[in-house]
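Asker: This is the structure I want to talk about, given as structure tokens.
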Amino acid sequence: MASQPRAALDGLCGGSPEELVAGVRILESIREFRQNPTDRVPEEELFSWCDQEPAARYPAIARVITIATRKTDAAPMEWTPVARHLLDRAPDRVAVLGQYVRQFGHIWPGAELNAVESNVRLLDEYKTHDDSAVATF
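In the numbering used here, the protein residues as written are 1147 to 1283.
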């Protein structure tokens, strides 16, 4: 994805809505075993690609980008710059936030509470967002 990110995105996720879903699933699978391939796509290329079909592509990409990291093992989780910018640019910010929450995973009995709390703290940042739909979410 690094050498020709737009072509890679078009090849994996371009075309029909079904192809977009299939491509996102492939990216999710790759992310499970290796570095996230979307991390190698320059931000402006990613957004330019999303802008071609914003209603579908922004939430789809929100499902697979790296949304948060820690600077050190002891540091709290922080939104990545690309996650912040994607949310700012998206025509449907709530759909993007929904995909971010989906990335948090499922909460089950015995789940590590520290991980759950760190994810919730990330969302707290948007309680006072200018977009009332985001703040309500």
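By construction, the Cβ of each residue, glycine as well, lies at the ideal position given by its N, Cα and C atoms.
(1) Per DSSP, what kind of secondary structure is A1281 in: helix, strand or coil?
(2) Under 7 Å Cβ to Cβ from Q1245, same chain only, skipping five residues before and after it: list those, please.
(3) From the DSSP output, which residues share a beta bridge with T1215?
(4) Near F1193, which residues of its chain fall below 8 Å by C-beta distance, leaving aside the five closest residues on each side in sequence?
(5) Do P1151 and V1187 have their C-beta atoms within less than 8 Å of each other?
(6) Use the C-beta contact count for A1257: other C-beta atoms within 10 angstroms, 16 or more gives buried, fewer gives exposed.
(7) Enumerate, from N- to C-terminal direction, the unbroken beta strand (DSSP E) stretches of 3 or more residues contained entirely within the segment 1173-1205.
(8) Alpha carbons only, please: which of E1174, P1163, V1167 and M1223 is nearest the one belonging to D1270?
(9) Have a look at Q1181 and T1274 and give me their C-alpha separation to the nearest angstrom.
(10) Between the beta-carbon of T1184 and the beta-carbon of I1213, is there less than 8 Å?
(11) Rounded to whole angstroms, how far is the Cβ of A1201 from the Cβ of P1163, which I believe are closer than 8 Å?
(12) Going by other Cβ atoms of all chains shown within 10 Å of its Cβ, with 16 needed for buried, is A1279 buried or exposed?
Answerer: By the coordinates alone:
(1) Walking along the sequence shown from the start, residue 1281 turns up at place 135. If DSSP states are grouped into helix, strand and coil, A1281 belongs with the helices.
(2) Residue numbering aside, residue 1245 sits at position 99 when the sequence shown is read from its first letter. So the qualifying residues of the chain are P1205, A1208 and R1209.
(3) As a position in the sequence shown, residue 1215 is number 69, starting the count at 1. DSSP lists E1224 as partners of T1215.
(4) Start at 1 with the first residue of the sequence shown, and residue 1193 comes out as number 47. The residues are H1231, L1232 and R1235.
(5) Mapped onto the sequence shown, residue 1151 falls at position 5. Mapped onto the sequence shown, residue 1187 falls at position 41. Yes.
(6) Start at 1 with the first residue of the sequence shown, and residue 1257 comes out as number 111. Only weak support exists for where A1257 lies, its pLDDT of 49 falling under 50; the value from the coordinates is given anyway. When all chains shown are included, A1257 counts as exposed.
(7) none
(8) Here residue 1270 refers to the residue found at position 124 when the sequence shown is read from its first residue. It is M1223.
(9) Stepping through the sequence shown from its first residue, residue 1181 is reached at position 35. Stepping through the sequence shown from its first residue, residue 1274 is reached at position 128. C-alpha separation (whole angstroms): 33 Å.
(10) Within the sequence shown, numbered from 1, the residue matching residue 1184 stands at position 38. Within the sequence shown, numbered from 1, the residue matching residue 1213 stands at position 67. No, the Cβ-Cβ distance between T1184 and I1213 is not below 8 Å.
(11) Position 55 of the sequence shown, counting from 1, holds the residue named residue 1201. Position 17 of the sequence shown, counting from 1, holds the residue named residue 1163. Rounded, the Cβ-Cβ distance is 10 Å, inconsistent with contact.
(12) Your numbering for residue 1279 matches position 133 in the sequence shown. Exposed, because fewer than 16 other Cβ atoms sit within 10 Å of the Cβ of A1279.
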